[in-house]
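Here is the structure we will look at.
Numbering (my numbering), first residue to last: 321 to 480.
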């Protein structure tokens, strides 16, 4: 495993749509491993492949309660709405108030090629939506209804 550089700010890769992963091979497994190591090193919640410069539909999420490696994720159901603060490892120092679904159901392929579903609420739902947006070239600042000043003492949903 290796730490990967996180692409930041106006890097064009962050605005491109990622391609599906057609075959799970050693390269994809290494990518997932490296992404998880990078995410944990940065103390983040989620990381999408474009954030490490790879335009493939893969994300990793670690909320502290849920740990997911998702290949070709898609949100198939969503309900309700919750507004909360978000940050992003690719947009350091920025924090926004973003409306997201309160609950989502996502389908994805796991590292073994199995088809999975996960239902998420709260932080997990927010992280899934945030990371799937990355795969479509969308950043949280595109959905933010307000940008706010980061508060060092506040426990915020940052680092996705």
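Ideal Cβ positions, reconstructed from N, Cα and C, are used throughout, including at glycine.
Remember, predicted model here, so these are calculated numbers, not experimental data.
Three-state secondary structure (DSSP) of residue i
i           : result
residue 321 : coil
residue 440 : strand
residue 418 : strand
residue 409 : coil
residue 385 : coil
residue 397 : strand
residue 469 : coil
residue 348 : helix
residue 331 : coil
residue 360 : helix
residue 391 : strand
residue 423 : strand
residue 446 : helix
Proximal residues to residue i (C-beta, below 8 Å), its chain only, five neighbours per side dropped
i           : result
residue 422 : 399, 400, 401, 402, 441, 442 and 445
residue 468 : 405, 415, 416 and 417
Cβ-based neighbour list, residue i, same chain, cut-off 6 Å, excluding 5 preceding and 5 following
i           : result
residue 337 : 456 and 457
residue 418 : 406, 460, 463 and 464
residue 430 : 436
residue 454 : 368 and 370
residue 322 : 354
Contact check, residue i vs residue j, beta carbons under 8 Å
i           : j           : result
residue 396 : residue 355 : no
residue 409 : residue 382 : no
residue 377 : residue 324 : no
residue 341 : residue 393 : no
residue 375 : residue 333 : yes
residue 470 : residue 415 : yes
residue 391 : residue 424 : no
residue 314 : residue 327 : Residue 314 is absent from the structure shown; the chain starts at 321 and stops at 480.
residue 389 : residue 352 : yes
residue 344 : residue 413 : no
Opposing strand residues paired with residue i [DSSP bridges]
i           : result
residue 367 : 380
residue 435 : 429
residue 355 : Partner(s): none; residue 355 has no beta bridge.
residue 482 : Residue 482 cannot be examined here, being either before or after the span of the chain that is shown, 321 to 480.
residue 463 : None; residue 463 has no bridge partner.
residue 339 : 376
Residue i: CB within 7 Å of a non-hydrogen atom of the ligand MN
i           : result
residue 383 : For the structure depicted, the ligand MN is absent and the ligand set is empty, with no information on it obtainable.
Residues of its chain near residue i, where Cβ-Cβ distance is below 7 Å and the 5 sequence neighbours each way are ignored
i           : result
residue 450 : 366, 406, 460 and 480
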